[in-house]
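Report on one structure; see the data block that follows.
There are 2 protein chains.
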Amino acid sequence: MNTHLPNLKHLQYLLALNEHQHFHRAADACFVSQSTLSSAIIKLEQLLDCQLIERDHKSFVFTAHGKAVVKMAEQLIHNATDLVEFSRSQGLAGKGHIYLGCIPTIAPFLLTDVISASSQQLPDIELFIKEAPTEVLLEQLANGDIDIAILALPIDNKYSNSFKQTHLCQDPLYLVGDEILTEQVSKDGGYKNIPAESVFLLSDEHCLTEHALSACKLVEQSKINPFSATSIATLLQMTIHHQGLTFLPEMAINKGVAGHAYLRVMAMKGKPYRDIAMLERKGSLRTETFKLLATLISELFN
Amino acid sequence: MNTHLPNLKHLQYLLALNEHQHFHRAADACFVSQSTLSSAIIKLEQLLDCQLIERDHKSFVFTAHGKAVVKMAEQLIHNATDLVEFSRSQGLAGKGHIYLGCIPTIAPFLLTDVISASSQQLPDIELFIKEAPTEVLLEQLANGDIDIAILALPIDNKYSNSFKQTHLCQDPLYLVGDEILTEQVSKDGGYKNIPAESVFLLSDEHCLTEHALSACKLVEQSKINPFSATSIATLLQMTIHHQGLTFLPEMAINKGVAGHAYLRVMAMKGKPYRDIAMLERKGSLRTETFKLLATLISELFN
DNA sequence: GTTTTTGATAGAAAATTACGATGAATACTC
DNA sequence: GAGTATTCATCGTAATTTTCTATCAAAAAC
């Protein structure tokens with residue numbers, strides 16, 4: 199807090215004076231009295247400690263410096279107006295920018311559809327996507343880097359009770375992999391007869407791994423291959439190459455990722471699924487807007 | 199006059215809040231009370247019609263949009279501060295930008311010296327030069343496009359009594375040209391024995407032409423070549439090529455423009471000269487600054 | 001010489017901004 | 001678990017800033 203800054207309204211008066219070259223007409227254009235405009239200019243000159251116009255009792259001219267100030271003021275007013283107009287559109291339901299975070303095992307299968315549906319049905323909303331694992335998303339949501347997060351439940355985090363959850367859909371998990379192995383598992387109803395290290399999983403920060411393990415009730419650590427993939431694409435490549443098994447969510451399969459001739463896709467016992475939800479901060483006032491987006495996403499999957 | 203714009207001070211409060219992430223510390227940094235800052239933020243949110251921060255009674259976070267507003271506000275405050283600081287330096291004696299207009303028969307011989315001397319002796323002044331004929335300069339001076347004009351007296355213009363004149367120097371005129379002709383003129387004390395069309399002049403908008411004619415008392419129109427040059431360089435080329443005569447000011451000759459082997463330079467009868475003066479608007483408050491520049495220029499020529 | 005135009009000024013009114021005290025909700029301490 | 005501290009919001013009042021109305025002074029127009 200150092201220099202005193204001018205009142206933007208007074209700068210607008212200056213611009214009006216420059217435009218109309220006449221105190222009374224400029225004042226009219228600003229819907230204020232002539233004396234208001236006159237004293238505002240004087241005030242500006244005092245604040246800026248320099249002469250903006252030279253008067254000779256009947257008329258006036260802008261000084262060269264006055265003209266330079268006008269140019270700068272125009273820019274300033276323009277930027278300020280931008281800021282206001284930009285903000286105004288943000289508060290209303292169904293409008294504004296939404297910063298949306300999404301976990302990597304959802305993003306590639308959900309977001310293209312969401313973005314195109316949203317640009318159709320919610321044309322006044324602009325989405326800005328960030329992809330990050332659950333823990334990072336929760337952090338970003340808590341500190342305001344993103345407005346909403348789309349991820350798989352449950353979440354368990356120091357912030358989690360300051361978030362509001364909106365359930366979006368259930369996403370079933372499937373067993374995917376080598377034909378012989380998938381049939382073996384199907385016949386046995388378990389994993390005891392498959393070779394060691396034949397189950398491939400994503401790395402630990404992906405919650406999908408957790409879901410898959412709890413869904414298949416795989417307890418023998420030896421069946422799990424020590425390589426851990428960091429993306430579903432890599433996971434599938436590893437599975438194919440080593441003739442192994444893995445678990446994929448339906449939304450990925452629907453997008454054709456398991457379309458490789460070698461792969462078999464098989465429903466699992468107990469029809470396990472993951473719950474996909476949208477999170478927002480409880481303090482947010484844009485619930486209406488976010489609900490519109492949530493409804494749109496739900497409808498895409500039901 | 200349309201949208202209401204925010205108070206820049208309030209935007210500064212917002213920036214302080216962003217920086218300190220704490221109402222009380224931010225308020226301290228702005229030298230206001232915590233309640234002032236708190237209500238200023240609320241006021242901003244009302245004006246912008248959106249949520250900038252989300253509070254939960256003990257703490258708060260900036261929304262994604264709040265962060266965007268902070269970025270824009272930073273830019274805005276920065277520009278506003280620039281405007282103020284830029285202006286502040288303008289009013290003081292010996293400081294600021296000076297927009298200086300000069301006629302083309304002075305500019306090339308005076309300004310390089312003036313600029314270098316000024317940057318030495320008046321380092322806080324920055325000169326911006328415009329070159330234009332007298333009539334244009336007077337117009338620009340009157341409407342504030344330039345702060346001061348340097349030109350040859352006398353001036354006679356609808357604005358001229360709203361200008362203040364500062365005499366800078368006397369600039370003697372010399373007869374320049376073909377050896378035989380210059381000696382002829384010198385011997386005769388007049389122009390009756392030189393060939394027709396052997397006197398070369400600048401075009402009419404250059405006041406030097408007027409000065410030259412009144413100085414030499416040349417009445418016979420037939421002696422004047424119908425070609426009229428638009429610059430001293432061209433004038434000299436024409437004079438040399440057609441073995442004619444012309445008139446040049448001392449400041450041009452001192453800069454070596456008449457250094458061509460063929461040319462003779464001869465003082466004229468009655469030692470005619472033009473008066474060089476600096477003009478400013480009577481309404482200007484920067485007289486002190488302009489006087490410093492005038493003194494500097496005078497000293498360069500005395 | 002009077003009227004009109006134009007910008008400045010003074011004093012009162014209105015609006016805005018700021019302050020101090022208090023309150024509510026939460027976290028911290030012992 | 002009661003007491004203390006921290007933190008931001010709120011309320012009423014005070015100070016400041018902005019604006020208005022009316023009037024003035026200078027110059028131009030008629």
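Chains A and B, in that order, are what the protein sequence lines are.
Each number in our numbering comes from the position in the first sequence (counting from 1) with 198 added on.
Each number in our numbering comes from the position in the second sequence (counting from 1) with 198 added on.
For every residue, glycine included, the Cβ atom is placed at its ideal position computed from N, Cα and C.
Here the structure is a predicted model, which means the values were calculated and not measured.
Self-check item: Nearest-angstrom beta carbon gap, Val268/B and Asn216/B [assumed within contact, 8 Å]
Solution: 5 Å
Self-check item: Nearest to Gln441/A (by Cα), restricted to the options Asn423/A, Ser429/A and Met449/A
Solution: Asn423/A
Self-check item: Bridge partner(s) assigned by DSSP for Ala350/B
Solution: Ile474/B
Quiz item: Taking the continuous beta strand (DSSP E) assigned at Ala214/B, which residues delimit it?
Solution: Ala214/B -> not in any beta strand (DSSP E); alpha helix (DSSP H) instead, spanning Leu206 to His218.
Quiz item: What residues match up with Phe445/B in a beta bridge as DSSP calls it?
Solution: Leu373/B
Practice problem: List the residues of chain B whose Cβ lies closer than 7 Å to the Cβ of Cys300/A, in chain order. | Solution: Correct list: empty, because the minimum Cβ distance to chain B is about 15 Å.
Quiz item: Excluding sequence positions up to five away, which residues of its chain have a Cβ less than 6 Å from the Cβ of Lys293/B?
Solution: Ser287 and Asp322
Exercise. Leaving aside the five residues before and after Ile344/B along the sequence, list all residues of the same chain whose C-beta is less than 8 Å from its C-beta, in chain order.
Key: Tyr297, Leu298, Gly299, Lys328, Leu335 and Gln338
Exercise. May I ask you to report which of helix, strand or coil DSSP gives Thr261/A?
Key: coil
Quiz item: Are the beta-carbon atoms belonging to Ala278/B and Leu245/A less than 9 Å from one another?
Solution: no
Quiz item: Quick one: what does DSSP say Phe361/A is sitting in, helix, strand or coil?
Solution: strand
Exercise. Using a Cβ cut-off of 8 Å, pull out every chain B residue sitting near Met270/A, in sequence order please.
Key: Asn277, Asp280, Leu281 and Phe284
Quiz item: So Ile474/A packs on Asp402/A, CB below 8 Å; how close in whole Å?
Solution: About 20 Å; that fails the 8 Å criterion.
Quiz item: Which value, in whole angstroms, describes the spacing of the CA atoms of Asp354/B and Ala456/B?
Solution: 31 Å
Quiz item: From Leu446/A to Leu373/A, what does the alpha carbon distance come to, in whole angstroms?
Solution: 7 Å
Quiz item: In three-state DSSP terms, what is Cys405/B?
Solution: helix
Quiz item: In whole angstroms, what separates the C-alpha of Met464/A from that of Gly375/A?
Solution: 9 Å
Quiz prompt | Endpoints, alpha helix (DSSP H) assigned at Lys489/B | solution = Thr485 to Leu498
Quiz item: For the 8 Å Cβ check, are there 3 or more pairs between the stretch 234 to 253 of chain A and the stretch 474 to 486 of chain B?
Solution: yes
Quiz item: Are three or more beta carbon pairs between the stretch 207 to 214 of chain A and the stretch 233 to 244 of chain A nearer than 8 Å?
Solution: yes
Quiz item: Who are the neighbours of Lys256/B on chain A, taking C-beta pairs under 7 Å?
Solution: In chain order: nothing, as chain A lies at least about 11 Å away.
Quiz prompt | Of the residues Ala271/A, Ala227/A, Phe260/A and Asp311/A, the one placed nearest Asn452/A, counting alpha carbons only | solution = Asp311/A
Exercise. Would you mind reading off the limits of the beta strand (DSSP E) that contains Ala225/B?
Key: Here Ala225/B belongs to no beta strand (DSSP E); instead the alpha helix (DSSP H) covers Phe221 to Ala227.
Exercise. Quick one: using the 10 Å Cβ neighbour count with 16 as the cut-off for buried, is Glu448/A buried or exposed?
Key: buried
Self-check item: Contact list for Thr428/A against chain B, beta-carbon separation under 9 Å
Solution: What Thr428/A touches in chain B: nothing, since even the nearest Cβ is about 27 Å away.
Quiz prompt | Alpha carbon of Leu163/A to alpha carbon of Ala315/A, nearest angstrom | solution = Past the edges of chain A, shown from 199 to 500, lies residue 163/A, and the structure says nothing about it.
Quiz item: Under the DSSP definition of a beta bridge, which residues are partnered with Glu324/B?
Solution: His295/B
Practice problem: Quick one: which residues of the stretch 484 to 499 of chain B get their C-beta closer than 8 Å to a C-beta of chain A? List them in chain order. | Solution: Arg484
Quiz item: Taking only beta-carbon atoms, is Leu206/A less than 9 Å away from chain B?
Solution: yes
Quiz item: At least one CB of chain A closer than 9 Å to the CB of Met199/B: is that the case?
Solution: At Met199/B the pLDDT is 47, less than 50, meaning the model places this residue with poor confidence and gives no usable figure here.
Quiz item: Lys182/A versus chain B: which residues are under 7 Å apart at the beta carbon?
Solution: As shown, chain A starts at 199 and ends at 500. That puts residue 182/A outside it, with no answer to give.
Quiz prompt | Span separating the alpha-carbon of Ile495/A from that of His218/B | solution = 38 Å
Quiz item: Taking buried to mean at least 16 other C-beta atoms within 10 Å of its own C-beta, is Pro352/B buried or exposed?
Solution: exposed
Practice problem: Below 8 Å on the Cβ atoms is my guess for His208/A versus Leu242/A; work out the distance and round it to an integer in Å. | Solution: 5 Å
Exercise. For Thr164/B, I'd like the list of residues in its chain whose CB is within less than 7 Å of its CB, leaving aside the five on either flank, ordered along the chain.
Key: The displayed coordinates of chain B run from 199 to 500. Any statement about residue 164/B would go beyond what the structure contains.
Practice problem: Kindly indicate the opening and closing residues of the alpha helix (DSSP H) around Ala315/B. | Solution: Ala305 to Gln319
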